[in-house]
Amino acid sequence: MTSNINLFTPVQLGHYTLPNRMVMAPMTRLRAIDNIPNSLMATYYAQRATAGLIVTECTMVSPLSLGYINCPGIYSPEQVDGWRQVKDAVYEKGGKIFLQLWHSGRVSHPSLLGGQLPVAPSAVAASGKLHTPIGKVAMETPRALETHEIPEIVEQLDSEYSDYLQSLCMWHQHPLLRKPIHSENACLGYHCKPDNT
Ligand SMILES: Cc1cc2nc3c(=O)[nH]c(=O)nc-3n(C[C@H](O)[C@H](O)[C@H](O)COP(=O)(O)O)c2cc1C
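All letters in the sequence shown, in the order written, are residues 1380 to 1576 by my numbering.
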């Protein structure tokens, strides 16, 4: 199949007109010390602002959604300020940036979660090892979520509900986000799909 689409021409993505058709894929960088986005990250994303659209690295929506050391979050005022710094740096260069939201589900470890067990659709451990504050360790059997806990997680992943995500949206009328949700194998959404979970 041949195509004559020129990558350097604008394209409409919902409400957004992208100046070109190149979208930067979400890539976990793990540079958010204490899970707070910082100036190093602002520089990194601003350097890539000529992409038609940047999708950020996966960003955890609650303390219990953490699966990696130094993964950024979006549930505290400090994290919101950090992402504002990133977003402003990208907009200053004329770029557009969406925030990718993430809940790691069972792909986590108590040493990342203040001693709590990770949560999942059912108490079935994922295979493999994780880098944690106590070294590289096997994933533990998670705690099965209670039905009543699920709406809160859905709300955390939905920018229309979350106060923090809404406040980000409103800055200067510049949207940092829609809600591309990370949902491949290291994510809670994905853990709901296989028959064994
Ligand atoms: C270092 C690295 C980090 C990644 N982090 C994320 C991430 O945070 N969120 C996500 O959805 N995908 C992540 N990915 C997957 C890439 O976005 C994916 O590889 C990209 O979309 C290219 O797709 P392809 O591998 O099918 O060509 C990551 C990939 C790499 C190599």
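Just so it is clear, CB atoms sit at the ideal spot from N, CA and C, and this is done for glycine as well. These figures come from a predicted structure and were not determined experimentally.
{"query": "Work out the CA separation of R1522 and I1532 for me, nearest whole Å.", "result": "15 angstroms"}
{"query": "Whether or not the region 1411-1427 and the region 1469-1482 are in contact is what I'm after, with contact meaning three or more pairs of Cβ atoms, one per stretch, closer than 8 angstroms; do they touch?", "result": "yes"}
{"query": "Going by C-alpha distance, which of M1401, R1408 and S1490 is nearest C1592?", "result": "Lying before the first or after the last residue shown, residue 1592 is absent from the chain, which here runs from 1380 to 1576."}
{"query": "Locate the beta strand (DSSP E) running through M1406, then write down its first and last residues.", "result": "Looking at the DSSP string, M1406 is not in any beta strand (DSSP E), and its letter there is neither H nor E."}
{"query": "Quick check on V1440 - is its C-beta less than 8 angstroms from some C-beta in chain B?", "result": "No chain B is present in this structure, which holds just one protein chain."}
{"query": "How is E1525 classed by DSSP in three states: helix, strand or coil?", "result": "coil"}
{"query": "Helix, strand or coil for E1436? Go by DSSP, reduced to three states.", "result": "strand"}
{"query": "How about the region 1483-1496 and the region 1509-1525: do they share at least three Cβ pairs that are nearer than 8 angstroms?", "result": "yes"}
{"query": "Report the three-state DSSP secondary structure of W1550 (helix, strand or coil).", "result": "At W1550 the pLDDT is 46, less than 50, meaning the model places this residue with poor confidence; the figure from the coordinates comes in the next sentence. If DSSP states are grouped into helix, strand and coil, W1550 belongs with the helices."}
{"query": "For a minimum of 3 consecutive residues, which ranges assigned as the beta strand (DSSP E) are wholly contained in the region 1414-1463?", "result": "1432-1439"}
{"query": "For G1514, does the three-state DSSP call read helix, strand or coil?", "result": "strand"}
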